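Encoded as structure tokens, the structure appears first; notes follow it.
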DNA sequence: GCAATAGTGTCTGTCAGACACTATGAC
DNA sequence: GTCATAGTGTCTGACAGACACTATTGC
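Chains as they are written, first to last, in the numbering used here: chain L, 1 to 226; chain A, 227 to 452.
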């Protein structure tokens, strides 16, 4: 029995998410040298000279792909097997990153996550995106992670919509407000947003916020799909 | 500016835990070619020919190190940087695995986790073990993972001690029993354990148990250390 | 009887879910 | 006034924490 100890290929795979019009989008790149357009999530290797650690590499990949920094990245898992890539044994650390809704980026190359089946995705990238979506959905149930997707000023209703979009469910308004306000995660501004009805209090995220863990999960009622 | 795209070294690092006398132990191996004895957690590379995926490799490493299978392994994180290993840029997927208390293994090479500072551990292995301990502690707060460390027959008090050892805190008996029994994770046997006081009902884990997620965390009161 | 451990009854507090209610703007 | 959306009051139910209580054994 022969044991091979040579190194597997190693790559980083990053699903970058943004929120737009009550819809989650993921950033995809066209793969080169393909007869038909095949789309892939952001990926790349480690720059052994310049990167200090993996998170560093991921931030670099995100910024060089979309031109803006991500306020929150998270490692989802590391997978590795002989079948996911035609080149052979391949290990990949899978991350997701989010960007703020305020960033004024065109929607080119951003794909609504509920329409991904219509497109041709590279390798196992569809499954990787789903793993990341599951993770951010789980996190939305018991942490404040979705706050990182909000613009600098937002209303509680905006924030609720953001959570609901990630959770694919409707949250009860009073519970949601109590939870967020009691946790002290956001700060009211001296401003309101005026529209065609009662003005809404504007908030910003409290300085230093990274992640808050709630003591209980929030579930909501599953959304019916149109 | 030059960009290096060659591959980093890749390794698996596995902290194997067992419970013994209300104490968590981790399995360490002496590193070869060291003037003084330096201890390391189980580690190795991927067998590109025989391993189907990373979990497979981890199970292989565990079994070849201690001779028994682990009923539960979990990937904790993947780290990578230029400084953790003298060989240079190194990526490591960090796992922990647990084994059943029933396994009749001598305690050779098993180290109490609260005594690790007394020993000389390789590289960043102490930090890796602490990451794994933190993870299993977190999991003990809201899942049934510690059940995998129990022998085939155990009492509720045994189980509570197992949780308490991992959590480093004392749990209120009634709450604990209610939580475990209401979740339906264990099955009473037609047996009792008799000692020098009232006999205790024996249980086994329900077939098919892998992990149960409770809806709330359990905290307990921090143990005073002697 | 006593000591030791197993196991229960039951109250409290916290917080999510539900839902009806009021408030304030545009028109 | 109506419509739309913001925001509140308050009851319920689930479940963890606390803690005193009873139960069953060995001695």
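Think of the CB as a built atom: it goes at the ideal place given N, C-alpha and C, for glycine as much as any other residue.
Note that this is a predicted model, so its numbers are computed, not measured.
What would DSSP say about residue i, mapped onto helix, strand or coil?
i                      : result
residue 316 of chain A : strand
residue 375 of chain A : helix
residue 272 of chain A : coil
residue 289 of chain A : helix
residue 57 of chain L  : helix
residue 69 of chain L  : coil
residue 154 of chain L : strand
residue 435 of chain A : coil
residue 250 of chain A : strand
residue 185 of chain L : coil
residue 398 of chain A : coil
residue 2 of chain L   : Note that residue 2 of chain L has pLDDT 38, beneath the 50 cutoff, so the model's placement of it is unreliable and no number is given.
residue 178 of chain L : helix
residue 164 of chain L : helix
residue 452 of chain A : Confidence in residue 452 of chain A is poor, its pLDDT being 42 and thus under 50, which makes the residue's placement unreliable; the coordinate value appears in the next sentence. Coil, per DSSP.
According to DSSP, which residues form a beta bridge with residue i?
i                      : result
residue 255 of chain A : A:266
residue 78 of chain L  : L:93
residue 261 of chain A : Note: residue 261 of chain A sits in no beta bridge, so no partner.
residue 218 of chain L : Looking at the DSSP assignment, residue 218 of chain L forms no beta bridge with any residue, so it has no partner.
residue 244 of chain A : A:251
residue 13 of chain L  : L:43, L:94
residue 430 of chain A : A:413
residue 418 of chain A : A:427
How many whole angstroms separate the CB atoms of residue i and residue j, which I take to be in contact at a CB cut-off of 8 angstroms?
i                      : j                      : result
residue 176 of chain L : residue 201 of chain L : 14 angstroms between Cβ atoms; not a contact.
residue 241 of chain A : residue 271 of chain A : The pair is not a contact, with the Cβ atoms about 17 angstroms apart (cut-off 8 angstroms).
residue 357 of chain A : residue 437 of chain A : Actually they do not touch by this definition, with Cβ atoms about 19 angstroms apart.
residue 448 of chain A : residue 395 of chain A : 5 angstroms
residue 57 of chain L  : residue 97 of chain L  : Rounded, the Cβ-Cβ distance is 12 angstroms, inconsistent with contact.
residue 103 of chain L : residue 49 of chain L  : Not really, about 29 angstroms apart at Cβ, beyond 8 angstroms.
residue 66 of chain L  : residue 129 of chain L : No, residue 66 of chain L and residue 129 of chain L are not in contact; Cβ-Cβ is about 16 angstroms, not under 8 angstroms.
residue 157 of chain L : residue 24 of chain L  : Not a contact, Cβ separation roughly 18 angstroms.
residue 204 of chain L : residue 180 of chain L : Contact doesn't hold; Cβ gap of about 13 angstroms is too wide.
residue 388 of chain A : residue 414 of chain A : 18 angstroms between Cβ atoms; not a contact.
residue 254 of chain A : residue 337 of chain A : 5 angstroms
residue 9 of chain L   : residue 233 of chain A : 7 angstroms
residue 301 of chain A : residue 134 of chain L : Actually they are not in contact, since the Cβ atoms of residue 301 of chain A and residue 134 of chain L sit about 15 angstroms apart, beyond 8 angstroms.
residue 100 of chain L : residue 149 of chain L : 7 angstroms
residue 54 of chain L  : residue 314 of chain A : Rounded, the Cβ-Cβ distance is 15 angstroms, inconsistent with contact.
residue 246 of chain A : residue 333 of chain A : 7 angstroms
residue 13 of chain L  : residue 43 of chain L  : 5 angstroms
residue 439 of chain A : residue 368 of chain A : 6 angstroms
With 8 angstroms as the limit, tell me which residues of the region 296-308 of chain A have their beta carbon closer than that to any beta carbon of chain L; keep them in chain order.
301, 303, 304, 305, 306, 307, 308
Can you check the region 94-144 of chain L for any alpha helix (DSSP H) of at least 4 residues that lies completely inside it and give the ranges in chain order?
125-142
Please identify, using Cβ separations under 9 angstroms, the residues of the region 97-130 of chain L that lie next to chain A, in order along the chain.
none
Residues from the region 196-220 of chain L in contact with chain A, defined by Cβ distance under 8 angstroms:
215, 216, 217
Proximal residues, the region 243-259 of chain A versus chain L, C-beta separation under 8 angstroms
none
Given a limit of 7 angstroms on CB to CB distance, which residues of the region 259-274 of chain A reach chain L?
271, 272, 273, 274
Under 7 angstroms, CB to CB, which of the residues in the region 52-64 of chain L have a partner in chain A?
52, 53, 54
By the 8 angstroms beta-carbon criterion, what residues does the region 141-169 of chain L contribute toward chain A?
none
Scan the region 396-411 of chain A for residues whose Cβ lies nearer than 9 angstroms to a Cβ of chain L and list them as they occur along the chain.
none
Tell me which residues of the region 310-321 of chain A have at least one Cβ-Cβ distance to chain L shorter than 8 angstroms, keeping chain order.
314, 315, 317, 319
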